[in-house]
Amino acid sequence: MIDGSAVLTVFLVYLAGVVTPGPNFVAVVHKAVATTRSEALALVAGIVVVNLFWSTCAIAGLGIVFAAFPWAAFVVKVLGAAYLMWFGLRLLINAGKNALGALNDAVAGSHRQSFIQGVITNIGNPKSMAFYAAVFSAAAPAHVSPATFFSMLAVVVVVSMTWYGMVAIALSHPKIASGYQRRKKIIDRLCGGLILSLGVRQLV
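So the sequence shown is numbered by the working numbering: it starts at 481 and just counts up by one.
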C-alpha cells in the first residue's frame, strides 16, 4: 500500500530542491545552448540516473554510510569540486573558441560523453548528497512498503526529467542557440565563472 502523505512530501520538497539553480542546472543550460538538443537530453539522462541512485540510497537508509564514514563523503565532495573547477576553467580559457558548426553535426560518441558529463557533474554535487540524505531519509517511513518505495523513485525520475528536460528543450531552440553563437564568449565566461565558483564554494 502506498503511503500517500510520504510521497506527497517527497514531491513538494524535491520539486523545490530541483528548481533551485546549481551545478546541474548550469551544466544543462550550457549544454543546451552550446550543442545539440539530443546531447543536452543525454546530459539530463546522466543527471537523472545519479538522482535515482542518491534517492535509492537515502530511502533505503544507506545515507547512514556517509554519517558513519565522513571521509567517504569528503572524498566525493573533493573529487566533485575538482571536476567543477576543471570544467569551469576550461570554459573560461576556451571562451569564444571552437565555434560550433551546424547544430545537427554531432560527433561520434558525443551523446555518451554528454551522459558521462551529467553523471560526473551530479555525483560530486554536495547539494544532491545532502538533500537526499536529509530529506528522503526523513520523509520515508520507518518501514517503506515496496509500493511507496517505487512511488518515491518515480517522483524523482519524473520531476527531475521533466524540469531539466524542459530547460534543455527550451534553450536548445534554434533561435536561442543561434543567439548563443553570437554571444558565445560572454556566455562561456559567465557559465565558466559560475561553475568555477560553485567548485570553490564546495571546497570551502
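The beta-carbon is built from N, C-alpha and C at its ideal position, and this holds for glycine as well. These numbers come from a predicted model, not from an experiment.
{"Item": "Counting along the chain, where does the alpha helix (DSSP H) carrying A634 start and finish?", "Value": "P626 to L651"}
{"Item": "Taking the beta carbon of K665 as the centre, do at least 16 other beta carbons fall within 10 Å, making it buried, or is it exposed?", "Value": "exposed"}
{"Item": "Please report the straight-line C-alpha distance between I539 and L495, rounded to a whole angstrom.", "Value": "17 Å"}
{"Item": "May I have the straight-line CA-CA distance separating V499 from L571, to the nearest angstrom?", "Value": "24 Å"}
{"Item": "Going by CA-CA distance only, name the one from G672, R681 and V635 that's closest to V508.", "Value": "G672"}
{"Item": "Over what stretch of residues does the alpha helix (DSSP H) that includes G598 continue unbroken?", "Value": "S590 to I603"}
{"Item": "For the alpha helix (DSSP H) that contains N531, what are its first and last residues?", "Value": "R517 to I539"}
{"Item": "Please report the distance separating the alpha-carbon of F567 from that of S594.", "Value": "13 Å"}
{"Item": "Can you tell me whether V504 is helix, strand or coil according to DSSP?", "Value": "What sits at residue 504 in the sequence shown is Asn, not Val. It is helical."}
{"Item": "Would you tell me roughly how many angstroms separate the C-alpha atoms of S677 and G526, rounded to the nearest one?", "Value": "22 Å"}
{"Item": "Using a Cβ-Cβ cutoff of less than 6 Å, which residues in the same chain neighbour I482 once the five nearest sequence positions on both sides are dropped?", "Value": "A627, T628 and S631"}
{"Item": "Going by C-alpha to C-alpha distance, which of M641, K655, L523 and L559 sits closest to R592?", "Value": "L523"}
{"Item": "Using the rule of at least 16 other Cβ atoms within 10 Å of the residue's Cβ for burial, across every protein chain shown, is L521 buried or exposed?", "Value": "buried"}
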